[in-house]
Amino acid sequence: MKKKLMVGGLLPALVLSTCGLAGAQPAAMDTLTAMEQNPEAGSQMRASTEPVTQESLQEMRRQLEEQLQQAQELQNRLNAQLGSLEKRMKKVEKKTNEPNIEIHGYGRLRWDGHHYEDLQGPSNKKSVWLNLFVKHRINDRWTLNSEHEFENNLSDNKGAYEGDGKNYSRPVLQLYTEGSIGDVNVKLGRYYLQSPYKFTFDEKIDGVQVRYGLPTKWGRKANFTLNWGNTSTNTLYGEKRDSAPWDHFFSADFKVLSLMGEFPVAKNTNISTHYGKMTHRNEHWSRKTWSIGFDTKLNRDLKLTAAIAKSDSEGLNKSHFIQLQYKEARPDIPGSYDIYVKKYLQRGHTGMTNWFNDDIEPTHGKYRGELEKNATFWDHRQGEFNGIRVGVDFVPVRNTKLLLHYTFGKMGLFDPGMSKLTGKRDDYSFFRAQWEMYF
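For reference, each letter of the sequence shown is one residue, going -24 to -1, 1 to 415 in mature numbering (1 follows the signal peptide of the UniProt record, and there is no 0).
What follows is the structure, given as structure tokens:
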């Protein structure tokens, strides 16, 4: 009986196992064929069945490092290509947005009124001005720049360039090239040299300027500027040398040396210094002047500026000013404005080219020819101004500005033969209304 049961049980099992092997045979054949056609897959399958050893881990690490290095090299090449493409795009954009020749400027309608005590003369003047600035891009580093100024006196319909000796006849005020050599900025030609705050020098020179800036922790550079060149000036008028005063008609043809420094010392504070020397080319007489000043923001809208200056002249050799300004009138912001008050003590022999600053007019200045017709002119030569200016600037619409200021104080009378003040002081006032338009 047992034999029958065993035979009966084994026979179906044998049949089933035979059928199972027969059914699995095609799948096994497919796997074998795939391994023969793709040896790498086969090696991976065999490797997956192999035990993990220290050598295999090191081999895997080596392969990963090689792949990572290849990916890094590919990324570097891609970054270099993207950087080169970006530079080319910037050059194209610069040529499009910054043409080789740029022209901009401004026009001014101005009315000035000067009043001198005990001295009558045509001291009121209405004028129209046009200033054009031209910039030609030589390359990415250098430009050629020029300024052209045209003025017409509306009071008598005379221009400023009639070449009659009374007015300068140089419609090309500035003509210079500017660029960089390494980290040094260079300017060469005829250009305006302005000392800090335009306090002791504000005139054109034919020369060279070299400027170098050092970064500071305040985010603004400390600038060092050297200027050397030639200028014409009459600021040595009344200078007593060798017991002979200079006549202001002959004070011209000077060599100029100027050293300036601008130093950020706090977040909103700067200190500015200036040393200047001017030497007459023929007489070899000279004047040295020093100035130091600062500007700081007391808060967001309030700015304080002050400076003092001294020269080595025998007299009229000390000056100072202090100014407090609220807000700032910016032509690009309609509705912006500023209000300021400025206190002066200016003496004529302090500066290198300025007798007085800010268009304050001595009687031997622009109006000399007209005022000289009055018999009292020679008794009103002035060498000192001590006074105050109150001004308002306003931007009614974009790219325009309205300027109004009133200046009043005392003019100290000057004896050029003694190169000092006489002790008499006359009242003086100056009002200006000006409309500026920028383009």
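Even glycine gets a Cβ: it sits at the ideal position worked out from N, Cα and C.
Who does Y188 pair with in a DSSP beta bridge?
-> V160, F200
Buried versus exposed call for A47 [16 or more other C-beta atoms within 10 Å across all chains shown] = exposed
Would you mind giving the Cβ-Cβ distance between Q358 and L389, rounded to the nearest angstrom? I have them listed as a contact below 8 angstroms.
-> 6 angstroms
When DSSP labels each residue in this structure, what does R166 get in the three-state scheme?
-> strand
What does a CB cutoff of less than 8 angstroms around E62 pick up in its chain, not counting 5 residues either side in sequence?
-> none
Candidates K193, K174, N100: closest to I284 by CA position | K174
Within-8 angstroms CB hit, I298 to chain C = Considering every chain present, this structure includes no chain C. It has just one protein chain.
Thinking C-alpha only, which one of S289, N206, R84 is nearest G214?
-> S289
So, using beta-carbon positions, are K318 and I247 closer together than 8 angstroms?
-> no
Mapping DSSP to helix, strand and coil, what is G155?
-> strand
Same chain, Cβ closer than 8 angstroms to A305, five either side skipped, listed in chain order | S312, Y313, D314, D369, F370, V371, K377
Within 8 angstroms, strictly: CB atoms of N107 and G81 | yes
Spatial neighbours of G89 within its chain, please: CB distance less than 6 angstroms, with the 5 preceding and 5 following residues excluded, ordered by chain position.
-> N100, F407
Can H296 and T176 be called in contact, C-beta distance under 8 angstroms?
-> no
I think K286 touches T326, with their Cβ atoms under 8 angstroms apart; what is that distance to the nearest whole Å?
-> 7 angstroms
In terms of alpha-carbon separation, which member of E78, W87, A56 lies closest to R113?
-> E78
Taking the CB atoms as reference points, tell me whether Q322 and F270 lie closer together than 8 angstroms.
-> no
Candidates L212, V184, L130, K197: closest to Q150 by CA position = V184
Can the beta-carbon of R232 be found closer than 8 angstroms to that of I268?
-> Before going on, a small fix: residue 232 reads as Val here, not Arg. Against a cut-off of 8 angstroms, the Cβ pair of I268 and V232 comes out as no contact.
Classify N73 as helix, strand or coil using the three-state DSSP reduction.
-> helix
With distances taken Cα to Cα, identify the nearest neighbour of K386 among L44, L58, D94, E42.
-> D94
Looking at the structure shown, is G205 part of a helix, part of a strand, or coil, going by DSSP?
-> strand
Taking only runs of the beta strand (DSSP E) that begin and end inside the segment 221 to 260, which ones reach a length of at least 3 residues, in chain order?
-> 230 to 242, 245 to 256
Looking at C-alpha atoms only, which residue of Q299, M413, G291 is the closest neighbour of G393?
-> G291
In the DSSP assignment, find the beta strand (DSSP E) that holds T176 and state where it starts and stops.
-> Unbroken run through T176: none, as it is neither H nor E.
Do S234 and N203 come within 8 angstroms of each other at the CB atom, strictly closer than that value?
-> yes
Does the distance from the C-beta atom of A198 to that of F239 stay below 8 angstroms?
-> yes
Going by C-alpha distance, which of L300, T207, K273 is nearest R257?
-> T207
What separation, rounded to the nearest whole angstrom, lies between the Cα atoms of N55 and E49?
-> 10 angstroms
Alpha-carbon to alpha-carbon, Q39 and L33 = 10 angstroms
Output the boundary residues of the beta strand (DSSP E) element that contains T265.
-> 262 to 273
Pick out whichever of G59, E125, N115, S103 has its Cα sitting closest to the Cα of W74.
-> What sits at residue 74 in the sequence shown is Glu, not Trp. Taking only the C-alpha atoms, the option nearest E74 is N115.
Assuming P307 contacts N244 under a Cβ cut-off of 8 angstroms, what Cβ separation, rounded to an integer in Å, is found between them?
-> The pair is not a contact, with the Cβ atoms about 23 angstroms apart (cut-off 8 angstroms).
Taking Cβ to Cβ, would you say S171 is nearer than 8 angstroms to G252?
-> yes
Expressed to the nearest angstrom, what Euclidean distance is found between the alpha-carbon atoms of E127 and R196?
-> 37 angstroms
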